[in-house]
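In my numbering, the protein residues as written are 7 to 144. Cβ coordinates follow ideal geometry from the N, Cα and C atoms, glycine included. Quick notes on the structure that follows.
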């Protein structure tokens, strides 16, 4: 018996089979990524001094839906918290795959599913330890 036969298909987030088409694109980090402070904030603070209103506008822009899409690699999107803030998951630094809710995929109430891997595991092509996370809007 395969795993999909045993699942209650009513609650499975993906409805169908889909092909992947790849497009090269730019990506940006969002404020609730556990790397945000290190990668973005410190570099930005060295170049610009923002007042509170400007900082809030920038934060809102970075949280926009621009990053909320299906993707392979790049920066993840979260509707809630990045699980990698937990020390036991902090080595899962590479986003392998992100599947976003759309007309044929539904994670809870319009959420997102992410699959992460550590750099060493990816280099060694060891996919036996992948971090899976999904969350949705409350």
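Skipping 5 residues on each side, what residues in its chain have a beta carbon closer than 6 Å to that of residue i?
| i | result |
| --- | --- |
| residue 139 | 89 and 120 |
| residue 86 | 141 |
| residue 24 | none |
| residue 137 | 95, 98 and 122 |
| residue 102 | 121 and 123 |
What residue range does the beta strand (DSSP E) around residue i cover?
| i | result |
| --- | --- |
| residue 100 | 100-106 |
Residues bridged to residue i by DSSP?
| i | result |
| --- | --- |
| residue 137 | 122 |
| residue 77 | 104 |
Using a Cβ-Cβ cutoff of less than 8 Å, which residues in the same chain neighbour residue i once the five nearest sequence positions on both sides are dropped?
| i | result |
| --- | --- |
| residue 124 | 97, 98, 99, 100 and 135 |
| residue 91 | 40 |
| residue 130 | none |
Could you pull out every residue in the same chain whose Cβ sits closer than 7 Å to the Cβ of residue i, ignoring the five residues on either side in sequence?
| i | result |
| --- | --- |
| residue 143 | 85, 115, 116 and 117 |
| residue 45 | 35 |
| residue 38 | 84, 87 and 88 |
| residue 7 | Its pLDDT being 47, under 50, residue 7 is placed unreliably in this model, and the coordinates cannot settle the point. |
Can you tell me the Cβ-Cβ gap for residue i and residue j, rounded? I've got them flagged as a contact below 8 Å.
| i | j | result |
| --- | --- | --- |
| residue 104 | residue 63 | Between residue 63 and residue 104 the Cβ distance is about 26 Å, and since that is not below 8 Å, they are no contact. |
| residue 106 | residue 75 | 5 Å |
| residue 95 | residue 34 | Not a contact, Cβ separation roughly 22 Å. |
| residue 83 | residue 36 | 6 Å |
Consider the C-beta atom of residue i and the heavy atoms of the ligand COA; say whether any pair is separated by less than 8 Å.
| i | result |
| --- | --- |
| residue 126 | Among the components of this structure there are no ligands whatsoever, and the ligand COA is therefore not found. |
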